[in-house]
Amino acid sequence: MGDQMQFIVEKLNQEPFRKNYNLISFDSLESLQLLQLLSDVLGEIDPKHAVDIREELPEQTAKRMLNLLGILKYKPPGTVSDLNAFRQGLVTGNKTVIHPVLHWLLQRTNELRTRAYLARFLVKLEVPAEFLQDDTVADFNKQYEELMEAFKNLHKEHEQLKISGLSTAEIRRDISAMEEEKDQLAKRVERLKKRVETVQNHQRMLEIARQLRLEKEREESLAQQKQEQKSQLFHAEQRLQRAQVQLKEMQHMVADSKPESLMKKLEEEINFNSYLVNEKIPREMESKKTSVYFLQKVVAEPAMTQADLTELESEIEEVNAQMNQLIEKRIITYEPTDSKFSMYRQQASIISRKKEAKAEELQAAKEEMSSLEKQVELKNSQAHELGGSEVLTEDEFKQYVSKLRSKNTFYKKKRQEIAEITAEYGILQRTEELLRQRHEAIQQQLQAVEEKKGISGYSYTQEELERVSAVKSEMDEVKGQTLDNMSEMVKKLNAMVAEKKASLAPVIKELRQLRQNCQELTQECDEKKIQYDSCAAGLETNRSALEQEVKGLLEECAQEESNYHYINCMKRSLEIQLQRAKEEMKAYVSPDPQERRRAVREQYTRIILEQENLGKKLREKQKVVRECHGLNMKQMKMWQDFEKLMECKRECFLKQQNQAAIGQIIQEGGKDRLVL
Numbered sequence: 001m002g003d004q005m006q007f008i009v010e011k012l013n014q015e016p017f018r019k020n021y022n023l024i025s026f027d028s029l030e031s032l033q034l035l036q037l038l039s040d041v042l043g044e045i046d047p048k049h050a051v052d053i054r055e056e057l058p059e060q061t062a063k064r065m066l067n068l069l070g071i072l073k074y075k076p077p078g079t080v081s082d083l084n085a086f087r088q089g090l091v092t093g094n095k096t097v098i099h100p101v102l103h104w105l106l107q108r109t110n111e112l113r114t115r116a117y118l119a120r121f122l123v124k125l126e127v128p129a130e131f132l133q134d135d136t137v138a139d140f141n142k143q144y145e146e147l148m149e150a151f152k153n154l155h156k157e158h159e160q161l162k163i164s165g166l167s168t169a170e171i172r173r174d175i176s177a178m179e180e181e182k183d184q185l186a187k188r189v190e191r192l193k194k195r196v197e198t199v200q201n202h203q204r205m206l207e208i209a210r211q212l213r214l215e216k217e218r219e220e221s222l223a224q225q226k227q228e229q230k231s232q233l234f235h236a237e238q239r240l241q242r243a244q245v246q247l248k249e250m251q252h253m254v255a256d257s258k259p260e261s262l263m264k265k266l267e268e269e270i271n272f273n274s275y276l277v278n279e280k281i282p283r284e285m286e287s288k289k290t291s292v293y294f295l296q297k298v299v300a301e302p303a304m305t306q307a308d309l310t311e312l313e314s315e316i317e318e319v320n321a322q323m324n325q326l327i328e329k330r331i332i333t334y335e336p337t338d339s340k341f342s343m344y345r346q347q348a349s350i351i352s353r354k355k356e357a358k359a360e361e362l363q364a365a366k367e368e369m370s371s372l373e374k375q376v377e378l379k380n381s382q383a384h385e386l387g388g389s390e391v392l393t394e395d396e397f398k399q400y401v402s403k404l405r406s407k408n409t410f411y412k413k414k415r416q417e418i419a420e421i422t423a424e425y426g427i428l429q430r431t432e433e434l435l436r437q438r439h440e441a442i443q444q445q446l447q448a449v450e451e452k453k454g455i456s457g458y459s460y461t462q463e464e465l466e467r468v469s470a471v472k473s474e475m476d477e478v479k480g481q482t483l484d485n486m487s488e489m490v491k492k493l494n495a496m497v498a499e500k501k502a503s504l505a506p507v508i509k510e511l512r513q514l515r516q517n518c519q520e521l522t523q524e525c526d527e528k529k530i531q532y533d534s535c536a537a538g539l540e541t542n543r544s545a546l547e548q549e550v551k552g553l554l555e556e557c558a559q560e561e562s563n564y565h566y567i568n569c570m571k572r573s574l575e576i577q578l579q580r581a582k583e584e585m586k587a588y589v590s591p592d593p594q595e596r597r598r599a600v601r602e603q604y605t606r607i608i609l610e611q612e613n614l615g616k617k618l619r620e621k622q623k624v625v626r627e628c629h630g631l632n633m634k635q636m637k638m639w640q641d642f643e644k645l646m647e648c649k650r651e652c653f654l655k656q657q658n659q660a661a662i663g664q665i666i667q668e669g670g671k672d673r674l675v676l
């Protein structure tokens with residue numbers, strides 16, 4: 001109990017309660033305060049229960065709390081008698097009942113909050129069976145159950161998304177990485193554009209490449225259309241085969257059937273339909289009309305009070321009693337001939353009930369078959385709209401799976417080839433870039449050699465000369481000797497380029513070896529990184545375990561400190577009581593009478609004596625009253641009789657006065673008549 005109270009006090013001192021309790025103040029709470037505290041905790045779980053219990057009746061409070069605890073699946077310990085004691089303790093605010101409930105609620109607040117939220121939508125409303133016979137009510141109940149199932153599925157998906165969702169930091173990192181890749185690709189595209197612009201007729205080449213890409217895409221779409229048409233043709237052939245099989249079966253059935261059997265089936269169907277039209281449907285219509293009539297009659301009547309209901313119940317009881325009397329009379333006047341007729345009547349009623357049941361079963365089976373046929377047609381139409389194919393049979397599905405597996409292996413193989421080609425393309429691209437750099441360096445060396453030899457701009461001059469030679473052949477003939485010399489120099493330069501290439505060949509081989517070493521080192525780096533991550537994860541788990549241990553020790557320290565303060569407070573209260581006892585003993589033993597009078601014992605002794613004297617006086621007074629009780633009662637009765645006698649005399653006097661006045665009026669009336 002001490003650990004339980006400590007846990008409750010710690011939770012109540014935290015957010016969102018912030019009660020600032022300690023063990024003493026929590027233990028000294030009254031029953032009404034405990035009930036209000038329990039209502040506050042339940043209100044934190046379900047906001048509808050955040051009410052002030054002073055504004056509602058105790059029965060309403062207990063009912064509200066018991067309903068919510070039942071929804072939260074709280075199981076009080078003990079048997080049925082203990083359950084009754086639990087309800088009584090919850091009404092009265094007993095500590096032994098409230099403390100376990102608070103401990104259970106505060107242990108799993110988040111879980112219970114979710115359960116209370118779901119209970120608002122998933123606690124099913126129980127509809128009586130007689131109301132479900134109405135089609136409208138049944139449809140609404142079915143829609144209600146479907147919406148409940150949809151809510152369950154949506155809540156599960158929501159929880160799964162919350163668990164498996166990525167953090168914002170990871171998303172930001174992915175976005176930043178994608179932006180960096182985008183910038184790199186833009187730079188790369190810019191470099192490629194600059195390189196392409198130096199090539200002659202690059203616009204025409206780009207147009208040709210674009211047309212080639214469009215044609216390839218068109219080829220792929222045509223191949224896909226061809227494949228779809230093949231699949232449609234295959235499914236059409238399958239449908240044709242099934243239709244032919246069904247046609248053969250129908251022809252076989254028609255060939256085997258006889259006119260007598262067909263007529264018999266038609267007669268059975270006609271008899272069933274005539275039974276429905278002539279007997280079943282009119283009876284159902286009549287019952288519906290009577291029920292509608294009674295319902296309209298009930299609606300038209302004014303609202304009934306409790307007295308009207310009791311009167312109707314009494315009338316129903318009287319009618320039932322009369323029916324029982326009539327049944328008893330019929331049993332007394334029972335005759336054997338009536339027994340035979342009753343037996344036949346019973347058999348006829350049993351047969352009619354069986355007939356009605358079978359007709360209802362047949363009608364339900366037909367309705368179910370029609371609904372299933374409609375569902376099949378709907379599914380077939382949906383399949384046609386989505387994929388243009390029907391439902392596959394087992395053999396067709398196996399063939400489809402085998403084709404899919406072969407395509408999957410072919411796809412994996414081609415994907416591997418694409419990956420290899422991509423890697424080789426990257427290597428070749430890098431080699432091309434290196435060779436281009438080498439070529440530029442050699443060109444620079446060539447220009448330097450040309451400058452040394454005094455023939456700078458030879459390559460450009462050669463191009464210009466070739467261009468001019470096509471236009472001016474005469475100039476070429478005049479300078480033939482110079483061109484021969486220049487051709488010899490070009491040959492020498494070509495020989496030098498070949499030598500440079502030959503000398504660069506081992507360097508390229510060495511570069512390939514270095515690239516391979518680089519790949520191995522990269523792989524080794526990845527492995528080391530994986531080892532580092534695993535080691536870091538292990539250290540992180542150890543750190544979290546140590547943090548949990550430190551947290552537990554801190555909680556234990558706080559608990560011990562609270563226990564220390566509690567014991568200290570108890571010690572202080574005991575010291576105060578001991579001090580009061582010592583002072584009382586000192587005052588009681590003291591020879592000074594004034595000091596003795598201050599003692600609590602003397603004060604209580606004086607009070608006891610005073611109360612005893614007062615009791616004696618009251619007993620004497622009671623004795624006197626008992627002795628005079630009889631005389632006083634007689635005297636009171638005499639006074640009452642005297643009062644009645646005087647009242648009677650007063651009434652008689654009033655009557656005499658009234659009679660005298662009436663007689664005087666009559667005499668005066670007689671005198672008036674005589675005068676007339």
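Here UniProt numbering is used: the first residue of the sequence shown is 1, the next is one more, and so on.
Glycine included, C-beta positions come from ideal geometry on N, C-alpha and C.
Being a predicted model, the structure only gives us computed values, none of them experimental.
Residue i by DSSP, collapsed to three states: which one?
i	result
residue 136	helix
residue 17	coil
residue 245	helix
residue 525	helix
residue 43	helix
residue 599	coil
residue 93	coil
residue 337	Residue confidence is low: residue 337 scores 48 on pLDDT, short of 50, so the model does not pin down where it sits. Its coordinate-derived value is still stated next. It is helical.
residue 52	coil
residue 108	coil
residue 124	coil
Between the Cα of residue i and those of the options, spot the shortest distance and give me the residue it belongs to.
i	options	result
residue 15	95, 36, 27, 110	110
residue 60	45, 39, 44, 75	39
residue 47	297, 28, 6, 116	116
residue 495	653, 542, 139, 446	446
Excluding five sequence neighbours on each side, which residues of the same chain lie with their C-beta closer than 7 Å to the C-beta of residue i?
i	result
residue 4	99, 103
residue 599	584, 587, 588
Would you mind sorting residue i into buried or exposed? The rule is 16 or more other CB atoms within 10 Å of its CB.
i	result
residue 65	buried
residue 679	Outside the displayed span of the chain (1 to 676) sits residue 679, for which this structure offers no information.
residue 154	exposed
residue 70	exposed
residue 362	exposed
residue 26	buried
residue 245	exposed
residue 97	buried
residue 49	buried
residue 37	buried
residue 240	exposed
residue 68	buried
residue 316	exposed
Spatial neighbours of residue i within its chain, please: C-beta separation below 6 Å, excluding the five flanking residues on both sides.
i	result
residue 176	none
Within this structure, are the beta carbons of residue i and residue j separated by less than 7 Å?
i	j	result
residue 113	residue 171	no
residue 564	residue 23	no
residue 105	residue 51	no
residue 101	residue 58	no
residue 151	residue 121	yes
residue 35	residue 93	yes
residue 21	residue 12	yes
residue 123	residue 141	no
residue 559	residue 6	yes
residue 421	residue 500	no
residue 359	residue 280	yes
Could you pull out every residue in the same chain whose Cβ sits closer than 8 Å to the Cβ of residue i, ignoring the five residues on either side in sequence?
i	result
residue 131	137
residue 337	Unreliable placement is indicated for residue 337, whose pLDDT of 48 sits below 50; no coordinate value is reported for it.
residue 125	144
CB of residue i to nearest heavy atom of the ligand ATP: below 6 Å?
i	result
residue 8	As presented, the structure is devoid of all ligands, the ligand ATP included, so that no description of it is given.
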